[in-house]
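Novice:
In this note's numbering, the protein residues as written are 112 to 408.
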């Protein structure tokens, strides 16, 4: 499998071997605090990912490069007009269109980053952090890393994440996205193995097992051995049939306090005296099922 030169230190390894996070690639600057120790707002720098937002609130994720240009149907913008400037400035394209500049939030990046697989959307990522109780230093086994959205969300919360991914192309994309978004601040706590979680979990005394798999019930027995008492297992499943089968397997296990929820997101239009729900809403994306492990008898 081809791996970009600047990501060779994060090369995926065969089953039963681990890969440690290394330094971020030279094409991407380390993600830093937006305010310096001296209290000054840090300007945009070459190598950063930024967000350009047009008047219709369309968002474009752009990697700043010296000498490069951002091209759109509304004209082009030289990156030099952004590099060295303060966040929030408004720039004008060659055809007069205006764009506001911001650093992308985690939610922005998840929605705009390159994908190798369908991602879990922000409306579910937040609840996953709460239901799985992801905390700084938590030892998490994630299986089905996909494009890395869930990985970077848990890493951003301070977890130490080991990922199992069956497809090498998905795993490579996840590693690259995590590196692009967070640099070594995230990758030093991230390890991805090319393997099938259905075959077992090597790690022990884990705090959490988080699954995005077609058949998460196949991992329940392995999770019982890998988690410490009180540990949490959580599965994201697109269909209710998958959630039901997962719950049925939990019934015949050492897990208790099982719960399944669905998150619905509805925006509101607030414009002066006109206040109403949006005509469209983000309804079903998936089901979140979680449970806690009891001590062995």
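All C-beta atoms, glycine included, are put in the ideal place defined by N, C-alpha and C.
Between the beta-carbon of residue 357 and the beta-carbon of residue 404, is there less than 9 Å?
Specialist: Not closer than 9 Å, so no.
Novice: Residues bridged to residue 178 by DSSP?
Specialist: Answer by DSSP bridge pairing: none, since residue 178 is not bridged.
Novice: Determine whether the beta carbon atoms of residue 231 and residue 275 lie at a separation below 9 Å.
Specialist: It is not a contact, given that the beta carbons lie outside the stated cut-off.
Novice: For the beta strand (DSSP E) holding residue 385, just list the boundary residues, first then last.
Specialist: Per DSSP, residue 385 belongs to the beta strand (DSSP E) from 385 to 388.
Novice: Could you give the distance in angstroms between the alpha-carbon of residue 324 and the alpha-carbon of residue 234?
Specialist: One C-alpha to the other measures close to 19 Å.
Novice: Are the beta-carbon atoms belonging to residue 344 and residue 374 less than 9 Å from one another?
Specialist: No, they are not a contact pair.
Novice: What residues in its chain sit with their C-beta under 6 Å from that of residue 309, if we drop five residues either side in the sequence?
Specialist: Excluding residues within five positions, the ones whose Cβ falls inside 6 Å are 329.
Novice: Between which two residues does the alpha helix (DSSP H) harbouring residue 206 extend?
Specialist: Taken as a continuous stretch (DSSP letters only), residue 206 belongs to no alpha helix (DSSP H), as it is neither H nor E.
Novice: What span of residues does the alpha helix (DSSP H) with residue 279 cover, start to end?
Specialist: That run of the alpha helix (DSSP H) goes 279 to 293.
Novice: Alpha carbons only, please: which of 377, 292, 402 and 360 is nearest the one belonging to residue 341?
Specialist: Comparing Cα positions, the closest option is 402.
Novice: Rounded to whole angstroms, how far is the Cβ of residue 164 from the Cβ of residue 210, which I believe are closer than 8 Å?
Specialist: Right, the Cβ-Cβ distance comes to about 6 Å (below 8 Å), so this counts as a contact.
Novice: State the DSSP-derived secondary structure class of residue 118, mapped to helix, strand or coil.
Specialist: Because the pLDDT at residue 118 is just 45, under 50, the model does not fix this residue reliably, and the value given afterwards should be weighed accordingly. In the structure shown, residue 118 sits in a helix (DSSP, three-state: H, G or I).
Novice: Assuming contact is defined by CB atoms lying nearer than 9 Å, are residue 391 and residue 379 in contact in what I supplied?
Specialist: The answer is no: Cβ separation not under 9 Å.
Novice: Could you check whether the segment 253 to 269 touches the segment 208 to 228, counting it as contact only if at least three pairs of C-beta atoms, one from each stretch, sit closer than 8 Å?
Specialist: The segment 253 to 269, when compared against the segment 208 to 228, does touch it at the 8 Å Cβ threshold.
Novice: Compute the Euclidean distance between the alpha carbons of residue 181 and residue 228, then round it to the nearest angstrom.
Specialist: Looking at the two C-alpha atoms, the distance is approximately 26 Å.
Novice: Figure out for me which residue from 350, 335, 368 and 267 has the closest Cα to the Cα of residue 248.
Specialist: Checked all of 350, 335, 368 and 267; the closest Cα to residue 248 is 267.
Novice: Give me the residue from 282, 202, 193 and 205 with the minimum Cα distance to residue 225.
Specialist: Comparing Cα positions, the closest option is 282.
Novice: Mind reading off the beta-carbon distance from residue 331 to residue 385? Whole number of angstroms is fine, and I expect it under 8 Å.
Specialist: Actually they do not touch by this definition, with Cβ atoms about 50 Å apart.
Novice: Less than 9 Å between the beta carbons of residue 216 and residue 251, yes or no?
Specialist: Contact: no.
Novice: Can the beta-carbon of residue 335 be found closer than 9 Å to that of residue 305?
Specialist: It is not a contact, given that the beta carbons lie outside the stated cut-off.
Novice: Cutting at 6 Å between CB atoms, please list the residues of its own chain near residue 194, excluding the five before and the five after it.
Specialist: 155, 157 and 175.
Novice: Taking DSSP as the reference, what is the three-state secondary structure of residue 164?
Specialist: Residue 164: strand per DSSP, three-state reduction.
Novice: From this set, 213, 214 and 192, which residue's C-alpha is nearest residue 204's C-alpha?
Specialist: Closest option to residue 204, Cα to Cα, is 192.
Novice: What does the alpha-carbon distance come out to for the pair residue 293 and residue 408?
Specialist: Their backbone Cα atoms lie some 42 Å apart in a straight line.
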